Every structure is written in C-alpha cells, then in structure tokens.
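Here the structure comes first, spelled out in structure tokens, and everything after it is commentary.
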Amino acid sequence: MFRRLFKKRQKPSLRPLFLFLGLALTLVLAALLLQGLSSPRRSFLENAGAADYRSALQPKWLTNDQAVVRLPDLPQPSYVVGYSDGASSQAALVAWSQTDSRYEITGNLRFADMLSVAENYRDVPRLSDQAFDGAGQAIQATLKASGQPDLILFISRDGNGLKIDSLVDGGGQVVAAAFLQGSVSGGVDAFEVRDADNDGAPEAIWTERQLSGTGTLGSSWSTSVSAYQWAGGRFEFDKQLSWALTTDASLFPEPAKNTP
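In this text, residue positions in the sequence shown follow numbering that gives the first Met the number 0: the first is 0, and each later residue adds one.
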C-alpha cells in the first residue's frame with residue numbers, strides 16, 4: 000500500500016513543447032522573409048541618409064570637409080555648412096527636425112547680400128570654430144577669390160538662421176566683423192587669432208602695412224595694428240592693446256625679406 004502511495008510519477012515529455020516552439024519560430028521567420036521580399040529594397044545611402052546632415056544639402060552645392068562646422072546641440076547636433084552655388088560664397092545652417100525625424104536647412108546666409116565687398120568671392124569658404132571657443136560662437140569663415148586678398152568674416156547662429164557678427168571699431172561705430180588678408184592697394188594686410196596679452200583668451204589681430212615713402216635707404220612702411228576682444232557676442236576694439244602692438248611693430252619691424 001505504501002509503495003503505491005509513494006510511487007514515482009513519470010515526468011511529462013517535453014517533445015510536444017519543443018515542436019510547438021519550433022513551428023512558431025519557423026512561422027515568424029517566414030513572415031519576416033515575405034515582408035522583406037515584398038518591400039522595395041533600399042541602398043545603404045538611402046538607409047543612412049536620413050541620419051546624416053548631408054542628406055539635407057542640395058545636389059548642385061559645391062562644398063568640402065573644410066567647410067563644415069559641427070555645433071554641439073543636444074540631443075542632436077547642428078551644422079554650419081559653407082558652400083558655393085557658382086555665383087557666390089554662402090553658408091547654411093542644417094538642424095535636426097524632430098517633427099520629420101531628419102536634417103533640414105533652417106537658414107541660409109549669402110555673404111554678398113550682407114557685405115558688398117564679398118561680391119567677387121564665389122569659391123567654397125573655409126570654416127573654423129576653433130578661433131574663440133568650441134561652442135559654435137564666432138565661426139571664422141575665410142573667403143577666397145582669384146586675384147583678391149582673403150576676406151575673413153565671423154558668423155554665428157541666430158535662432159534658426161545665421162548672421163555676420165559685428166565689431167565696435169576704434170571710433171565707436173558698429174560694423175561687420177570683416178578683415179582682409181593679403182596684398183591690397185599700396186600695402187599688405189595680415190590677420191591672425193592669438194592671445195596677444197597673455198590673459199588666456201585669444202584676440203583678433205589685424206595688421207595694416209602701408210608704403211609711406213621711398214628714400215636712399217629704401218622704402219619705408221607704416222604699420223597699424225588693431226586688436227579686438229570677443230565680448231558680449233561681438234568684437235570690441237582694445238585701444239591699449241592696439242597701441243602696444245602698433246608700437247612694438249614700429250620699434251621692431253619685420254625682416255626686409257618679409258616686407259611687400
């Protein structure tokens with residue numbers, strides 16, 4: 000009797016369960032295969048294009064890797080893209096659209112429309128955001144044209160668009176932050192970004208050298224240096240630093256081989 004009560008029960012077979020799971024998996028794989036065959040095939044570029052800022056650019060635009068600045072916007076970055084349409088140098092702001100889940104052009108800046116001196120510049124501009132900070136402020140745009148000095152502008156994001164940054168000159172006037180670099184009529188201009196006063200923050204330094212006369216000892220040149228501090232979203236003329244740099248350049252001129 001006790002043997003009957005405590006007799007071991009046989010374990011149920013798992014074979015039907017495995018058969019059921021195998022059949023279900025086969026049906027799922029078959030459904031996925033049929034769906035893949037019925038939907039149109041997309042190339043790698045089509046699949047990756049929606050998540051790439053380049054998908055928003057126009058096919059006719061001429062641009063390159065040196066004409067792109069990445070803005071560290073969160074959660075999705077934005078880009079400032081310099082380009083040429085063959086008629087003028089321009090820049091576009093490309094930002095992520097949460098509504099459409101893709102990159103879109105939200106703003107465009109045609110330099111010739113904002114600054115008449117830029118009319119002759121039609122090549123792809125070179126952009127850099129390392130001039131003053133890495134947050135996309137005061138992006139340096141260098142425009143080049145055959146037979147012309149380089150035109151250096153500074154642009155910033157303005158909401159969903161772009162703007163040319165301004166500066167306060169030595170006379171207190173607010174003008175566009177535009178500098179020339181290279182040979183100009185009667186002289187040569189030079190531009191650089193460096194920490195001229197060793198305060199830990201770089202300045203925009205513009206040096207103008209003009210031929211002032213010739214004599215028995217050769218040509219003489221007058222030098223004027225203008226220094227600008229980046230403050231409050233624009234450049235401001237630093238009178239004291241400009242005077243110190245101009246004095247230094249006058250007392251210690253460049254070697255003759257470097258003079259125009």
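We treat Cβ as the ideally placed atom computed from N, Cα and C, and that holds for glycine.
Note that the structure is predicted; figures quoted are calculated from it, not measured.
8 Å Cβ cutoff met for residue i and residue j
i	j	result
D164	A140	no
A176	L161	no
L108	A86	no
D128	S83	no
L341	L179	In the structure as shown, the chain begins at 0 and stops at 259. Residue 341 is therefore absent and cannot be evaluated.
Between the CA atoms of residue j and residue i - distance to the nearest angstrom
i	j	result
Q228	W60	34 Å
A111	S88	8 Å
R193	P201	5 Å
F251	L244	10 Å
M113	L142	14 Å
R40	D51	In this predicted model, R40 has a pLDDT of only 41, less than 50, meaning its place in the structure is not dependable; the value taken from the coordinates is given anyway. In a straight line, the C-alpha of R40 is about 20 Å away from that of D51.
A94	A66	16 Å
Y102	I154	21 Å
T98	Q75	13 Å
E207	W220	10 Å
T105	A55	10 Å
Q239	D196	10 Å
N159	G81	16 Å
A248	P148	22 Å
A230	Q172	16 Å
W58	V116	The amino acid occupying residue 58 in the given sequence is Pro; Trp does not appear at that position. So the alpha carbons of these two residues sit roughly 27 Å apart.
T62	Y120	14 Å
L92	W205	28 Å
Given residue i as reference, the closest of the options once Cα atoms are compared
i	options	result
V224	R233, G199, F190 and V67	F190
G199	R208, Q209, V174 and F131	F131
R271	T62, N63 and S77	For residue 271 there is no data in the structure shown, the boundaries of the chain being 0 and 259.
V174	F236, V80 and S100	F236
E118	R53, T62 and S145	S145
V79	S100, P58, S96 and R53	R53
Counted within 10 angstroms of its Cβ, other Cβ atoms place residue i as buried (16 or more) or exposed
i	result
T246	exposed
T25	exposed
L126	buried
D157	exposed
T222	buried
W242	exposed
L73	exposed
P124	buried
G170	exposed
V226	Residue 226 is actually Ala in this sequence, not Val. So A226 ends up on the buried side.
A203	buried
Check: residue i C-beta below 7 Å from any heavy atom of the ligand ATP
i	result
K59	In the structure shown, the ligand ATP is absent, as is every other ligand, since no ligand is present at all.
Inspect the CB distances between the stretch 153 to 171 and the stretch 180 to 197 and report whether three or more fall short of 8 Å.
no
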